[in-house]
Amino acid sequence: MGIRPLKKDLGEYERIVLCGPVWMGKFVPPLQSFMKRYGHQINHLVFVTCCGSTFKNKDDKFLGELAN
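If you count by our numbering, then the sequence shown holds residues 39 to 106, one letter each, in order.
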């Protein structure tokens, strides 16, 4: 089924809040697909997640993944 097409342009919003888990140090595939499809439209992204990583540089790693 995949990600359904949006009826709105995300650029119309000041801020977009995404919530999702991190599995094995990676964003879940639906979140990756959403960001590849719509990330260029987002003005300001707030990402909320829960993960039990002890990886010291995880914040930088995850920000880099969201940017790609």
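Quick reminder that beta carbons are idealized off the backbone N, C-alpha and C, glycines included.
Small disclaimer: the values here were computed from a predicted structure and weren't measured.
- Between valine 84 and valine 66, the beta carbon gap of about 17 Å keeps them out of contact (Cβ cut-off 8 Å).
- Around glycine 40, the same chain offers no residue with a beta carbon nearer than 6 Å, after the five sequence neighbours per side are excluded.
- A straight line joining the alpha-carbon of glycine 63 with that of cysteine 88 spans about 11 Å.
- Counting of Cβ neighbours within 10 angstroms places leucine 69 among the buried residues, the total reaching 16 or more.
- DSSP, read as helix, strand or coil, puts leucine 48 in helix.
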